[in-house]
Amino acid sequence: MVSSVENVAGKAYDYVVIGGGTAGLTAASRLVEYFPDRSVLILEAGESNLDDPKILLGGQFGSTFGDPKYDWIFTTKPQKHHYDKVMTWNRGKGLGGSSGMNFYVWTKPPKESIDAFEELGNPGWNWKSYQELTMRAEDFTEATEDQLKELVHTYKAEYRGRGGPIKTTVPATAVSLTKGFLDSLQNMGVRLLDDPYGGDITGCWQAAVSLNREAQWTRSYAATAYYLPNKDKPNFTVLTEANVARILLDGEESSGGVIATGVEFTHGGKTYSVKVNKEVVVSAGTIKSPQVLELSGIGRRDVLETAGIPVKVELPGVGENVQDHTLCAISYELDPKTGPKTFDVLRNPKLAEEQAKLQKAGADNLYRYGISAYSFLPIQTMNPNGAPEIIEGVSKLVEEQIKSGKLPPGLAEQYKIQLRTLKDAHVPDLEVIDVNCFMSHRSAPEDGKAYITILAVLQNPFSRGTIHIKSKDPLEQPDIDPALFENPYDLELLKESVKYTKRMAETEPFKSLVTKEVDPGKENSTDDEIREYLRNYAHTCWHAIASNSMLPRDKNGVVDPNLKVYGTKNVRVADLSVLPLHIASHTQSAAYYVGEKVADILKSA
Ligand SMILES: Cc1cc2nc3c(=O)[nH]c(=O)nc-3n(C[C@H](O)[C@H](O)[C@H](O)COP(=O)(O)OP(=O)(O)OC[C@H]3O[C@@H](n4cnc5c(N)ncnc54)[C@H](O)[C@@H]3O)c2cc1C
233 MVSSVENVAG KAYDYVVIGG GTAGLTAASR LVEYFPDRSV LILEAGESNL
283 DDPKILLGGQ FGSTFGDPKY DWIFTTKPQK HHYDKVMTWN RGKGLGGSSG
333 MNFYVWTKPP KESIDAFEEL GNPGWNWKSY QELTMRAEDF TEATEDQLKE
383 LVHTYKAEYR GRGGPIKTTV PATAVSLTKG FLDSLQNMGV RLLDDPYGGD
433 ITGCWQAAVS LNREAQWTRS YAATAYYLPN KDKPNFTVLT EANVARILLD
483 GEESSGGVIA TGVEFTHGGK TYSVKVNKEV VVSAGTIKSP QVLELSGIGR
533 RDVLETAGIP VKVELPGVGE NVQDHTLCAI SYELDPKTGP KTFDVLRNPK
583 LAEEQAKLQK AGADNLYRYG ISAYSFLPIQ TMNPNGAPEI IEGVSKLVEE
633 QIKSGKLPPG LAEQYKIQLR TLKDAHVPDL EVIDVNCFMS HRSAPEDGKA
683 YITILAVLQN PFSRGTIHIK SKDPLEQPDI DPALFENPYD LELLKESVKY
733 TKRMAETEPF KSLVTKEVDP GKENSTDDEI REYLRNYAHT CWHAIASNSM
783 LPRDKNGVVD PNLKVYGTKN VRVADLSVLP LHIASHTQSA AYYVGEKVAD
833 ILKSA
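With this note's numbering as the guide, the letters of the sequence shown map in order to residues 233 to 837.
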């Protein structure tokens with residue numbers, strides 16, 4: 233249960249998990265279950281935020297953004313290819329981490345994305361294990377009879393988990409819009425998949441969401457699914473508002489690895505520590521996990537020395553290789569005659585109150601709706617004529633970079649896989665999502681109007697960013713440099729998905745649903761105009777990974793395939809920072825995968 237600092241400070245725990253977010257709560261809860269005789273402590277920087285309607289009720293996308301109770305509100309360094317603008321990177325703070333603020337979309341990547349981890353030197357990290365562990369995490373409930381009358385939803389039982397902690401289901405949607413989007417894609421020749429959870433996602437399809445139908449369709453996330461059922465177990469302790477400053481390390485790397493003896497944290501302005509008997513698991517997320525390692529003396533020598541931190545383990549890969557999904561929102565005003573209610577209604581406090589009353593009464597309402605229609609496509613489908621030139625351009629640039637020998641260690645191997653993916657006309661490079669409300673980043677929505685936004689998202693970026701500490705102060709946010717569009721082909725590829733979306737919007741039945749393209753607008757339709765629009769308004773999709781990549785040490789790896797930090801005896805990292813190469817998917821299922829996986833690794837250690 234959530235404890236007090238007086239009960240925790242100075243004590244010893246078998247496992248100390250840093251960060252009670254998506255992967256951290258998953259790992260800790262499984263350890264509690266697997267080892268009833270061993271004590272597990274979570275130190276979470278945020279509040280517990282349990283039973284909070286801002287988290288539990290769906291449909292309120294972005295409502296916790298900018299509020300420090302829920303959001304770290306990270307900002308990036310000014311981005312050269314974004315007119316020196318800084319970007320805001322929202323991230324969940326509090327129990328559940330980003331699973332408590334995300335858009336509860338439940339998707340899985342194509343098989344190829346995950347098998348690439350194994351190919352990069354990580355035995356056992358493959359599609360088979362992803363499928364096994366994410367199905368272990370999941371408890372899927374089918375669409376209701378009423379839903380099926382309005383919109384046929386197909387699925388294959390063998391791809392859906394049953395009995396796991398995370399409840400997933402088919403969300404209610406504005407049917408005419410969801411159907412309009414999927415039908416227009418099919419009219420453009422895109423195949424409709426029966427089920428996108430078996431490792432093949434190329435085509436268009438309906439996805440599930442992580443809502444709990446049995447609990448009034450409220451959010452099912454790491455806190456409700458993993459923490460609450462285990463909270464009263466005697467071997468489980470959680471301390472919130474505990475910002476970890478560093479891992480206390482003893483010994484030398486040369487004598488078989490440094491050893492974690494404790495963890496130091498701040499709480500209420502004071503500094504405390506706990507002792508660790510067995511292992512420390514760092515699960516503070518892609519942005520904060522490299523910070524915790526660097527503050528502990530693990531990382532790039534120049535970064536540590538500049539901050540005045542003695543080097544315990546020199547690991548040049550910490551905070552490097554950062555990859556994010558970048559999106560462009562294409563928004564349309566809806567014809568009032570088409571009439572479906574969109575999430576825009578929730579912007580109006582009076583109408584939102586009406587929806588809240590329906591929710592309390594257990595009736596159909598927008599707080600139980602979700603985003604459910606997607607398409608993941610290769611560049612060859614999005615632009616059959618232009619694809620060869622783009623592929624040739626990227627190949628030439630990347631092959632020159634490889635030949636120059638100037639790439640950081642390990643990147644050439646990643647690029648070779650990325651080029652293979654790009655050349656493969658079956659594996660997706662880009663995603664388009666139907667979101668039934670206003671969500672673009674140039675204009676503001678008008679009161680009383682309804683919108684549909686298509687998010688076009690780049691899946692396999694070539695640019696690589698960095699995340700490093702600015703100082704030894706654990707409360708100072710690290711420097712985040714996503715290196716947006718540093719590789720110009722990231723912009724080219726994203727541009728193609730914007731053009732494709734615009735063409736889709738000119739195809740029936742979508743065409744008859746909308747009255748006006750708001751953003752980027754018809755005035756931004758040529759290649760140059762779209763490029764310029766992207767340089768101004770491209771946005772993060774909140775999916776950054778790889779700042780502590782799981783790769784061989786000489787390839788800038790930070791953790792080995794057992795998630796152990798090189799040069800240490802008992803420090804592991806388990807969150808999205810370990811994924812070495814980006815996946816074509818939203819990322820929460822990957823975070824549950826990593827959390828389940830580290831618990832399995834420790835079980836068999
Ligand atoms: C706005 C948004 C929308 C998203 N939408 C979707 C979606 O719809 N579907 C999907 O699949 N994915 C989505 N994602 C992505 C997905 O939710 C995340 O990738 C995933 O939850 C990350 O899990 P994690 O365990 O790596 O990190 P997190 O869940 O972020 O956990 C990190 C935890 O560590 C804590 N912490 C950090 N530093 C410290 C410290 N020094 N001491 C103690 N604790 C610390 C944090 O407070 C947090 O609780 C979204 C993400 C965001 C931000």
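We treat Cβ as the ideally placed atom computed from N, Cα and C, and that holds for glycine. For clarity, every value in this text was computed on a predicted model and none was experimentally measured.
- By the 16-neighbour rule on beta-carbons within 10 angstroms, residue 602 is buried.
- In this structure, the beta-carbon distance from residue 794 to residue 522 does not fall below 7 Å.
- Nearest to residue 605 by alpha-carbon distance, out of 648, 410, 723, 775, is 410.
- Every alpha helix (DSSP H) stretch that sits fully inside the region 720 to 790 and reaches 4 residues is listed by chain position as 720 to 737, 742 to 745, 759 to 769.
- Taking residue 345 as reference, the option from 654, 599, 674 with the minimal CA-CA separation is 654.
- Here DSSP, grouped into helix, strand and coil, assigns residue 335 to coil.
- Going by beta carbons, residue 797 and residue 499 fall outside the 7 Å limit.
- Annotation: the continuous beta strand (DSSP E) that includes residue 250 extends over 244 to 250.
- According to the DSSP assignment, residue 622 belongs to the alpha helix (DSSP H) that extends over 619 to 636.
- Remark: fewer than three beta-carbon pairs, one from each stretch, lie closer than 8 Å, so the region 329 to 347 and the region 728 to 736 are not flagged as touching.
- If you check the C-beta of residue 330 against ligand 1, you find a heavy atom less than 6 Å away.
- Beta-bridge annotation (DSSP): residue 560 is paired with 688.
- Selection 373, 408, 801, 407 evaluated against residue 391 yields 373 as nearest (Cα-Cα).
- By the neighbour-count criterion, in which a residue is buried when 16 or more other Cβ atoms sit within 10 angstroms of its Cβ, residue 621 is exposed.
- The straight-line gap separating the alpha-carbon atoms of residue 750 and residue 562 is approximately 8 Å.
- Under DSSP, the beta-bridge partners assigned to residue 438 are 605.
- For the pair residue 683 and residue 291, the CB atoms are not nearer than the 7 Å cut-off.
- For residue 679, no alpha helix (DSSP H) segment is defined, and its DSSP state is neither H nor E.
- Annotated three-state conformation of residue 504 is strand, per DSSP.
- Listed in chain order, the non-local C-beta contacts of residue 547 below 7 Å within the same chain comprise 530, 531, 790, 798, 799, local neighbours out to five positions each way being set aside.
- Between residue 739 and residue 565, the gap from beta carbon to beta carbon reaches 7 Å or more.
- With contacts defined by Cβ atoms closer than 7 Å, residue 819 and residue 808 form a contacting pair.
- The region 371 to 390 makes no contact with the region 343 to 359; the number of CB pairs closer than 8 Å stays below 3.
- In terms of CA proximity to residue 512, 260 leads the group 769, 349, 260.
- Under the criterion of beta carbons closer than 8 Å, residue 697 and residue 534 do not qualify as touching, at roughly 17 Å.
- With respect to the C-alpha of residue 468, the residue from 264, 342, 700, 614 having the closest C-alpha is 264.
- Of the other Cβ atoms in all chains shown, 16 or more fall within 10 Å of the Cβ of residue 723; this residue is therefore buried.
- Remark: C-beta atoms of residue 241 and residue 504 approach each other more closely than 7 Å.
- Within the chosen limit of 6 Å, ligand 1 reaches the beta carbon of residue 774 through at least one heavy atom.
- For residue 425, there is no enclosing alpha helix (DSSP H), as DSSP gives it neither H nor E.
- Non-local beta-carbon contacts of residue 634 in its own chain, meaning distances under 6 Å to residues more than five positions away in sequence, involve 644 in chain order.
- A heavy atom of ligand 1 is found nearer than 6 Å to the CB of residue 255.
- Where residue 238 is concerned, the enclosing alpha helix (DSSP H) starts and stops at 237 to 240.
- Closest option to residue 597, judged by alpha-carbon separation, among 449, 486, 251: 449.
- Under a 10 Å Cβ-count criterion, residue 397 is classified as buried, with 16 or more other Cβ atoms of the shown protein chains found around its own Cβ.
- Boundaries of the alpha helix (DSSP H) around residue 830: 820 to 835.
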